[in-house]
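Worksheet: the structure to be examined is printed underneath.
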Amino acid sequence: MDQIAQVLVMMQQQMQLLQQKESSDNFMKILEKIEARAADSMPIVIKDKHSIFDSLLRRIEKFSFDAESGRTFDLWYKRFKDVFDNDCSDLDDKEKTRLLVSRLDEDSHQLFCGSISPRLPSDLTWDEAIATLERLFGSAKTLFRRRFECFKIQYEHQDFNTYETLVRTRCMDAKLDSIDFDGLQCLVYVAGFQGAEFADYRTRLLRKLDQAERISIKDLTAECQLIKSYKEDARMLENAAMPISAVNYVTKRKKFKPKRQKRTWKENQRNGALQTPMPPPNPRTRNHGIKSYQMKSIIAALRQDVQPHINVEINGHPLSLLLDTGAMITLISKPNWNRLGKPQLQNSDTVVNAANGTRIPTDGRFEADFKLNRSDGSQHSGRGFCYVTENLDVFGWEWIQKIPDLVKPLQKYINGATILPDPGAIRREEIVAKLKTDYADVFKVGLGRCTVTKATLQLKPDAYPVFIKKRPVPYAYVTTLDAEIDRLLREGVLSPVDYSAWAAPVVVVKKANGSLRLCADFSTGLNDALMLHQHPLPTPDDVFTKLNGGTTFTQIDFADAYLQIELDDAAKELLTINTHRGLLRYNRLPFGVKSAPGIFQQIMDSMICGLNGCAAYLDDVIVTGRTIEEHVANLEALFKRISAYGFRVRVEKCNFLMPQLRYLGNIIDATGRRPDPSKIEAIQKMPEPRDIGQLRSFLGMLNYYGHFLNEMRQFRAPMDALLKKDVPFIWTAECQEAFQRTKDALVSDLLLTHFDPSEEIVIAADASEYGIGAVISHRFPDGTEKAIQHASRSLTAAEKNYGQVEKEALAITFGVRKFHRYIYGRRFRLLTDHKPLLAIFGSKKGVPVYTANRLQRWALLLKNYDFTIEYTSTSNFGQADALSRLIAEQSTPEEDMVIAAIEMDATTICDLESASKCQMDRRRNCKGSSFETNPRIC
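Here you go:
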């Protein structure tokens with residue numbers, strides 16, 4: 011029985027174990043089912059597109075473009091490419107594009123939308139969106155430059171891991187992993203082309219490196235040989251086309267031959283100039299003592315390979331200069347001036363003309379020691395003035411006569427020639443010195459103060475205060491900006507205040523010398539609230555009438571002109587700026603206030619009232635006289651008034667006793683006024699079309715002006731024939747004749763007009779891949795339109811790398827600056843065929859903040875003008891499109907004219923062009939109606 015009981019107990023235990031095992035198995039099955047269900051339900055959550063989108067929004071940080079610090083779209087996209095490729099696999103292209111665009115910061119998003127307008131981001135495919143962003147926010151540096159900069163990286167005591175990261179990042183950006191031995195050789199090859207004389211080679215080789223996937227050093231050598239051949243062919247054609255009269259320019263002139271006693275050259279040197287009667291002066295060419303050198307060079311007409319050069323040491327540096335006995339002075343090019351260490355330049359009133367009468371601009375002169383080494387080891391040395399030009403190196407007669415070995419062989423051929431000092435130049439210096447002595451207070455360095463009146467500003471009846479927050483200042487500029495603010499406080503231009511209902515933000519502008527300028531942006535609200543000062547600006551006829559009969563001309567430039575005008579107390583309350591140091595109030599009239607031009611012009615008109623031979627256009631005053639004596643008397647009277655008014659002038663920017671000046675499309679000189687040839691230069695120098703695209707652009711211009719001149723259609727038939735299908739593009743003599751006749755019609759009186767400020771002013775500007783063009787016109791009440799002046803230039807190598815929106819913006823700023831004298835202080839219409847520019851330049855909420863620095867600089871520059879910007883379709887934009895595509899090879903960026911920036915502070919314009927990036931808070935509308943207690947805060 012006991013055994014049976016034990017067996018039963020054992021059986022019970024086994025049954026319990028089996029039950030436990032079965033329970034365990036059941037539990038495991040249940041657990042497996044739970045896990046399976048969990049696994050089945052999880053994809054449902056993950057595959058929810060809304061959840062994916064929200065999750066990715068949190069994981070992908072926003073993109074903010076900053077080219078200066080290297081934050082480009084390429085690097086940002088590489089960082090998150092794996093997320094877009096894998097984690098976004100359940101999203102379609104439209105959803106991925108929407109996610110991508112949503113991660114752009116505000117400025118980048120606005121620029122992106124503007125660049126694809128009128129399309130929407132949802133209209134773009136994924137690949138199109140990526141390509142557009144890479145173009146807009148990619149690196150502005152070429153591949154060659156990025157690679158070249160890799161070899162210039164220096165260790166600057168940072169952490170080694172940080173330095174490693176820097177090297178890795180730069181090398182990846184330069185794509186050094188794809189460079190082979192051939193590529194490395196090409197890099198070294200191109201880097202060796204240094205100096206201005208190799209600029210053409212360097213530009214072409216860099217373009218070839220950027221365009222070619224793979225290239226060898228042999229390809230570059232072949233390209234150099236090709237460039238050299240092109241240069242030689244161009245030089246051959248240039249010399250072949252030169253008329254014979256150019257060589258005989260001097261010898262064919264009829265000489266005045268008075269009866270005189272023959273003397274040897276040595277006697278003339280000993281006794282001075284021959285005492286013979288001089289030919290009667292020509293009233294149309296009187297110079298009245300102005301130093302004007304005519305470069306009547308015969309040698310310049312010779313072929314380049316036979317022009318005589320002379321090796322000379324200037325300030326210890328060996329240089330090669332063209333020996334030219336027809337050049338009265340010595341010239342040196344900017345590259346060679348840089349090689350000499352950039353010696354300090356003196357201002358010079360010297361006018362230098364080429365043999366054909368073309369003005370040769372000079373940047374100034376410096377006094378230098380020069381030395382010539384003879385073959386026998388001896389030396390000849392001297393000292394004289396050297397004038398700096400863009401690209402001319404000429405050893406002129408002024409230096410030649412100081413070298414006996416050069417002069418002696420010429421003595422037998424020189425018939426009584428004597429180099430005499432210019433008495434007019436000496437007299438001019440005496441006149442200026444006397445003015446400086448008699449009116450020392452006017453020429454004193456520092457800010458003047460008008461003592462006869464104060465400026466008043468009038469608000470519109472419905473105006474209410476606008477208060478804008480301060481803008482952040484980069485930490486690196488705080489110290490320098492503080493110094494500038496302290497200077498303005500010391501001079502009384504600014505005063506600190508604790509409260510103001512009005513406040514405008516400031517723009518920190520970095521000047522070329524490293525210092526900063528403080529500019530107020532009153533376009534954020536105050537300018538809209540001000541009534542325009544109605545005092546009229548003078549018309550060209552007003553100025554010409556006052557200058558009529560003058561033979562020489564003086565231009566007076568005021569130092570910080572507007573800041574010399576004090577404000578009344580009510581105006582000071584309006585002109586408050588918000589800075590990092592708090593609120594500061596202007597005590598003087600600042601640049602950028604809408605009423606400033608009219609106020610200043612009224613004061614100028616009052617100051618010169620009753621003076622003879624004197625005209626004023628804003629801060630530029632022009633003085634003349636029928637004789638030197640009358641001119642000096644008029645100058646004395648003017649400076650007496652300037653002293654009485656408390657103004658000061660900037661002597662280094664004044665031009666005394668000039669033979670001519672340019673003003674509003676005219677040249678004024680002793681003979682009167684005549685049209686400025688530069689008005690039609692862009693059309694006259696326009697080359698014939700080289701392909702169908704350029705021909706279409708030119709015919710587009712004819713279509714535009716054909717609306718106003720029906721006869722234009724009869725000239726164009728041979729050119730229209732080239733547009734027919736299956737007709738090869740062959741430019742025949744008939745095409746050339748038709749092309750020339752249409753150009754003649756474009757610059758005739760039928761389609762050109764003189765500037766009239768009472769008529770509507772229109773500026774149209776356009777850009778192509780290699781040039782920019784602009785035209786200023788009058789639109790008359792009957793709907794017709796006539797051009798006042800055309801302008802165009804080719805793009806530099808750097809500008810050709812700009813995006814299209816930047817090229818179009820550059821064209822607009824080019825046109826505005828070119829026609830500045832016509833439009834400043836007047837309202838005009840600005841036309842463009844690029845829609846994104848309407849948002850960039852047409853904003854009425856202050857200067858838009860775009861991370862692309864140059865767009866912000868240009869927007870800030872245009873805020874100084876009163877205009878409306880309008881969009882015109884490309885098909886109706888022929889007047890500007892052709893100018894940007896058909897550009898003469900000689901075209902270069904525009905130069906300053908004789909009267910430079912007479913309507914506004916030229917220094918301010920230059921500063922605005924070189925302004926650094928400034929951050930701006932966006933304007934927000936705030937509710938509130940109380941004028942005193944609830945100003946608009948933005």
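Take 11 as the starting number for the sequence shown in the working numbering and just add one per residue. Cβ atoms here follow ideal geometry from the backbone N, Cα and C, with glycine treated the same way. Model, not experiment: these values are computed from the prediction.
Please look up how many angstroms separate the CB atoms of residue i and residue j, rounded, as I've assumed it's under 8 Å.
{"i": "residue 783", "j": "residue 804", "result": "Not a contact, Cβ separation roughly 10 Å."}
{"i": "residue 215", "j": "residue 203", "result": "7 Å"}
{"i": "residue 657", "j": "residue 460", "result": "6 Å"}
{"i": "residue 463", "j": "residue 613", "result": "6 Å"}
{"i": "residue 766", "j": "residue 800", "result": "Residue 766 to residue 800, Cβ: 18 Å. No contact."}
Please list the terminal residues of the continuous beta strand (DSSP E) segment that includes residue i.
{"i": "residue 801", "result": "795-804"}
{"i": "residue 376", "result": "374-383"}
{"i": "residue 633", "result": "630-635"}
{"i": "residue 784", "result": "781-789"}
{"i": "residue 592", "result": "592-596"}
{"i": "residue 625", "result": "624-627"}
{"i": "residue 364", "result": "361-364"}
{"i": "residue 668", "result": "665-668"}
{"i": "residue 331", "result": "327-333"}
{"i": "residue 320", "result": "319-324"}
{"i": "residue 587", "result": "586-589"}
When the Cα of residue i is compared with those of the options, which residue comes out closest?
{"i": "residue 340", "options": "837, 752, 410, 472", "result": "410"}
{"i": "residue 698", "options": "652, 657, 745", "result": "745"}
{"i": "residue 534", "options": "873, 348, 183, 812", "result": "873"}
{"i": "residue 404", "options": "329, 68, 551, 489", "result": "329"}
{"i": "residue 545", "options": "615, 496, 64", "result": "615"}
{"i": "residue 540", "options": "528, 577, 469, 573", "result": "469"}
{"i": "residue 213", "options": "198, 193, 237, 192", "result": "237"}
{"i": "residue 867", "options": "831, 816, 671", "result": "816"}
{"i": "residue 227", "options": "192, 201, 211", "result": "192"}
{"i": "residue 553", "options": "631, 369, 637, 160", "result": "631"}
{"i": "residue 184", "options": "156, 173, 195", "result": "156"}
{"i": "residue 337", "options": "793, 370, 113, 668", "result": "370"}
{"i": "residue 6", "options": "74, 131, 736, 408", "result": "For residue 6 there is no data in the structure shown, the boundaries of the chain being 11 and 948."}
{"i": "residue 211", "options": "190, 233, 482", "result": "233"}
{"i": "residue 8", "options": "706, 414, 847, 710", "result": "Here the chain has residues from 11 to 948 only, and residue 8 is not among them."}
{"i": "residue 475", "options": "512, 481, 770", "result": "512"}
{"i": "residue 655", "options": "452, 179, 16, 412", "result": "452"}
{"i": "residue 72", "options": "91, 846, 100, 110", "result": "110"}
{"i": "residue 634", "options": "627, 626, 489, 644", "result": "644"}
{"i": "residue 373", "options": "573, 555, 344, 581", "result": "344"}
{"i": "residue 346", "options": "129, 573, 879, 398", "result": "398"}
{"i": "residue 566", "options": "638, 501, 442", "result": "442"}
{"i": "residue 87", "options": "178, 144, 813", "result": "144"}
Where DSSP assigns a beta bridge to residue i, which residues make up the other side?
{"i": "residue 3", "result": "Residue 3 is absent from the structure shown; the chain starts at 11 and stops at 948."}
{"i": "residue 399", "result": "343"}
{"i": "residue 8", "result": "Lying before the first or after the last residue shown, residue 8 is absent from the chain, which here runs from 11 to 948."}
{"i": "residue 953", "result": "Here the chain has residues from 11 to 948 only, and residue 953 is not among them."}
{"i": "residue 197", "result": "For residue 197, which the question treats as bridged, DSSP gives no partner whatsoever."}
{"i": "residue 505", "result": "595"}
{"i": "residue 580", "result": "According to DSSP, which records beta bridges pairwise, residue 580 is partnered with nothing at all."}
{"i": "residue 356", "result": "375"}
What residue range does the alpha helix (DSSP H) around residue i cover?
{"i": "residue 147", "result": "136-147"}
{"i": "residue 850", "result": "846-851"}
{"i": "residue 655", "result": "638-655"}
{"i": "residue 550", "result": "550-557"}
{"i": "residue 614", "result": "606-618"}
{"i": "residue 562", "result": "Element bounds for residue 562: not the alpha helix (DSSP H) but the beta strand (DSSP E), 562-567."}
{"i": "residue 820", "result": "814-828"}
{"i": "residue 452", "result": "450-453"}
{"i": "residue 571", "result": "Unbroken run through residue 571: none, as it is neither H nor E."}
{"i": "residue 601", "result": "No alpha helix (DSSP H) holds residue 601; DSSP gives it neither H nor E."}
Jot down the residue ranges of each uninterrupted alpha helix (DSSP H) in the segment 77-115, minimum 4 residues, whole runs only, in chain order.
-> If we require 4 residues or more, the alpha helix (DSSP H) runs fully inside the segment 77-115 come out as 83-92, 103-112.
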